[in-house]
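If you want my numbering, it's the 1-based position in the sequence shown plus 10.
Here a beta-carbon is modelled for each residue, glycine too, at the ideal position from N, C-alpha and C.
Let me begin by presenting the structure, written as structure tokens, before commenting on it.
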Amino acid sequence: MKPDEAKYYHKIDAVVVGAGLAGLRAALEIAKNGHQVAVVTKVYPTRSHSGGAQGGIAAALANSAEDSLELHMYDTIKGSDYLGDQNVIELFVNEAIKTVYEYEHMGVPFSRTEDGRINQRPFGGHSSPRACFSADITGHVLLHTLYEQCVKYNVHFYSEFQVFSLLIKDNVSRGVVAWDIREGGLHIFHSKTVLLATGGYGRAFKITSNSHANTGDSLALILENGLPLEDMEFVQFHPTGLYKHGILLSEAARGEGAYILNSDGERFMKKYASDKMELAPRDVVSRAEQTEINEGRGINGEGYVYLDMRHLGEKKIMERLPQVWELALNYLKVNGIKEPVPIQPTAHYSMGGIPANINTEVIKDAKGTVVKGLYTAGEASCLSLHGANRLGTNSLQDASTFGRIAGKNISKFLVENGYEALPSNPLDVAKAKISSLIDGIGGERHSKIREELQENMTKYVGVFRNEQDMLKLLKIIKQLQERYKNVTIDDKGSVYNLDLFEAYEVGNLLSFSEIIVEGAIARKESRGAHYRTGFPKRDDENWLKHTLAWKTEDGIKLDHSKKPIIFMDRFPPQERKY
């Protein structure tokens, strides 16, 4: 098929897939440099999951005299359990201050100190208050401000478009193919560059803080193009998810001084992190909570503990934590001003993702071979900034800073390179995916497969993991993958066919979930968010290394031997204590 024969054909310098902070910040940078950029997103931009981030964005602004860039770097390295690449972390902390002041100049309404500076609150794993915040809606105000700036600079938005295929040929990215959810029809976006910024994949789990859109679509697209994913076994569980719902109650609550209590009314974190208490890193607090629950000290013998904000007082709660209070009231009918709130660990963040170098270029192997014109940023990426565990407020900073860096590098690429020819028959892959679902004749329902996947992922590869359970889960996933081949959908139409898109998302979840489990089985140690009950210690001698994983005809191929972790002499691995 020739491009001029396509009903919907767009030729544009750059395509950004995803409209969260990483995607919008990159698009803004590209547009400000005078290039044409299209943001292709399956949700309206201001509905992107970045808007759900509550607590803050990290930067060592030195409101506190003892804070420094070096300390932010050390905290991030320690938080990563020494799996983070330290050259990436060094760049990150140095650029973080610039990112925050850029936001301020764009008009972000940060909360202020009495003398007018950007206010900063404590957060888990940080040695000093460095979470710059706007009450507990920080992600919301950042996202809306960026969207306004993108509109100002004439970024082209294709909202409610689902990407079905990447156009990659001879190791060169040439664009994407996407379906218009509202009006129907496949669109070819022929571009010099593509940035993948589709966020996380928490919807692989039943109990998750992630929005329904977070199904890891770009990760599945990477796998089907013969490219690897990195460190997928590292999934962070946030300790303060609303009981049974998983909806996030911001770490800002603990930053402002809230307690976590067991059935005895005890602040049990003193047993697990006597120095940091409730402000230990998320992996530490989640394991502590789950241990209390497993040992029978959950509230009323159930699977939850309490987040207690009562001592903070109504004024502080309504000024600093209004959304936390509202969520507890709306979903659990609990008034956090007067009552403790039931919480449990919830699948929250993916440290692993699409492997990329420090310039945000996607790489295809352990040698760092670049896929020309293909970039990634934000939670979908793995640079590896966060290593085995991310510190709170580093994610908004990650998406913003590396979104900007991606935009700068893409702008330079656009000046130096022209358009590559599209592959022959560019619509074939997308058409085949759609046809397999619309024309399916089996009796399987995608909703049932999704529910079984989510329930078993939460049950068998959660806060604590063991080999027997994970082998059982791997077998379940393979069975679900076979059943998925016989999925039938009822809606055969082309306009707002949510039946089709939800079925497609389930296929994506099944694609990379297998790699999470395979990687977790292979890594016989405990590091960061990955905790093996049979191997409770960190093993630097054998496992201080990244995981690359490919999906092949013979199954999942793992490589731990060739992608080294980048260290600096001043931050050698040491025991991680809080």
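Beta-carbon proximity list for residue i, same chain, < 6 Å, skipping 5 on both sides
i: Pro352; result: Tyr253, Tyr314
i: Gly212; result: Thr218, Asn220, Asn224, Ala357
i: Gly66; result: Ala141, Cys142, Phe143, Thr148, Thr403
i: Glu430; result: Val182, Arg184
i: Ser60; result: Gly30, Leu31, Gly149, Leu153
i: Lys216; result: Gln464, Glu465, Thr468
i: Met578; result: Gln96
i: Val505; result: Gly194
i: Gly265; result: Arg131, Pro132, Phe133
i: Arg307; result: Asn272, Ser273
Whole-number beta carbon distance between residue j and residue i, since they are thought to touch under 8 Å
i: Asn476; j: Gly544; result: 6 Å
i: Leu233; j: Ala440; result: The pair is not a contact, with the Cβ atoms about 16 Å apart (cut-off 8 Å).
i: Val25; j: Phe171; result: Their Cβ separation, rounded to whole angstroms, is 10 Å, which puts Val25 and Phe171 out of contact at 8 Å.
i: Leu38; j: Tyr163; result: 6 Å
i: Ser138; j: Asp77; result: 4 Å
i: Ala539; j: Ala398; result: 6 Å
i: Tyr588; j: Pro238; result: No, Tyr588 and Pro238 are not in contact; Cβ-Cβ is about 33 Å, not under 8 Å.
i: Leu206; j: Val27; result: 5 Å
i: Ser175; j: Leu231; result: 7 Å
i: Val204; j: Gly383; result: 7 Å
Simplified DSSP assignment, three categories, for residue i
i: Lys281; result: helix
i: Leu331; result: coil
i: Gly62; result: helix
i: Phe208; result: Residue identity check: residue 208 is Thr in the sequence provided, not Phe. Here Thr208 sits in coil by DSSP.
i: His82; result: helix
i: Ser571; result: coil
i: Gln46; result: coil
i: Asp274; result: coil
i: Lys325; result: helix
i: Arg548; result: coil
i: Val53; result: coil
i: Val497; result: strand
i: Gly363; result: strand
i: Gly378; result: coil
i: Ile67; result: strand
i: Val87; result: Note that residue 87 is Ile in the sequence shown here, rather than Val. Three-state result, Ile87: helix.
i: Met578; result: coil
i: Gln584; result: coil
i: Lys12; result: Confidence at Lys12 is low in this model, with a pLDDT of 46, below 50, so the placement of that residue should be treated as unreliable; the coordinate-derived value is given next. Looking at Lys12 - three-state DSSP - the assignment turns out to be coil, as it is neither helix nor strand.
i: Tyr589; result: Because the chain here runs from 11 to 588, residue 589 falls outside it and cannot be looked at.
i: Asp318; result: strand
i: Gly565; result: strand
i: Lys202; result: strand
i: His154; result: helix
i: Ile217; result: coil
i: Ala440; result: helix
i: Ala357; result: strand
i: Tyr341; result: helix
Limits of the alpha helix (DSSP H) - the one that residue i falls within
i: Arg292; result: 292 to 304
i: Ala390; result: Premise fails: Ala390 is in no alpha helix (DSSP H) and is neither H nor E.
i: Phe511; result: 508 to 532
i: Gln407; result: 404 to 426
i: Val110; result: 96 to 116
i: Leu252; result: Where Leu252 is concerned, there is no enclosing alpha helix (DSSP H), although the beta strand (DSSP E) it sits in stretches over 245 to 252.
i: Asp227; result: 227 to 234
i: Ala262; result: 262 to 265
Residue span of the beta strand (DSSP E) that contains residue i, given as start and end
i: Ala24; result: 19 to 27
i: Glu371; result: 371 to 373
i: Asp91; result: Unbroken run through Asp91: none, as it is neither H nor E.
i: Lys145; result: Checking the sequence shown, residue 145 turns out to be Ala, not Lys. Run containing Ala145: none; DSSP gives neither H nor E here.
i: Leu558; result: 558 to 562
Contacting residues, own chain, Cβ-Cβ under 8 Å from residue i (five flanking each side not counted)
i: Leu554; result: Tyr92, Leu93, Ile575, Pro583
i: Glu15; result: Only weak support exists for where Glu15 lies, its pLDDT of 49 falling under 50; the coordinates are left without a value.
i: Arg320; result: Gly346, Ile347, Lys348, Glu349, Pro350
i: Leu406; result: Leu31, Ser60, Ala63, Gly66, Ile67, Ala68, Thr148, Gly149, Leu152
i: Val471; result: Val245, Asp479, Met480, Leu483, Ile526, Val527, Ala530
Residues near residue i by beta carbon distance below 7 Å, same chain, minus five either side
i: Pro13; result: Note that Pro13 has pLDDT 45, beneath the 50 cutoff, so the model's placement of it is unreliable and the number below is only indicative. Tyr19, Ile198, His200, Leu432.
i: Leu395; result: Gly94, Val98, Ile99, Phe102, Asp408
i: Leu79; result: Ala70, Val103, Asn104
i: Arg493; result: Glu454, Ile459
i: Ile327; result: Met319, Trp335, Gly346, Ile347
i: Ser127; result: According to the sequence provided, residue 127 is Arg. The question's Ser does not apply to it. Once the five neighbours on either side are set aside, the close Cβ partners of Arg127 are Asn73.
Min CB distance residue i to chain B below 8 Å
i: Leu38; result: In the structure shown, chain B does not exist; there is a single protein chain.
- Task: Mind listing, in chain order, the continuous alpha helix (DSSP H) runs of no fewer than 4 residues lying wholly within the stretch 449 to 488?
- Result: 456 to 470
- Complete runs of the beta strand (DSSP E) confined to the stretch 156 to 199 [at least 3 residues]: 166 to 169, 171 to 179, 182 to 190
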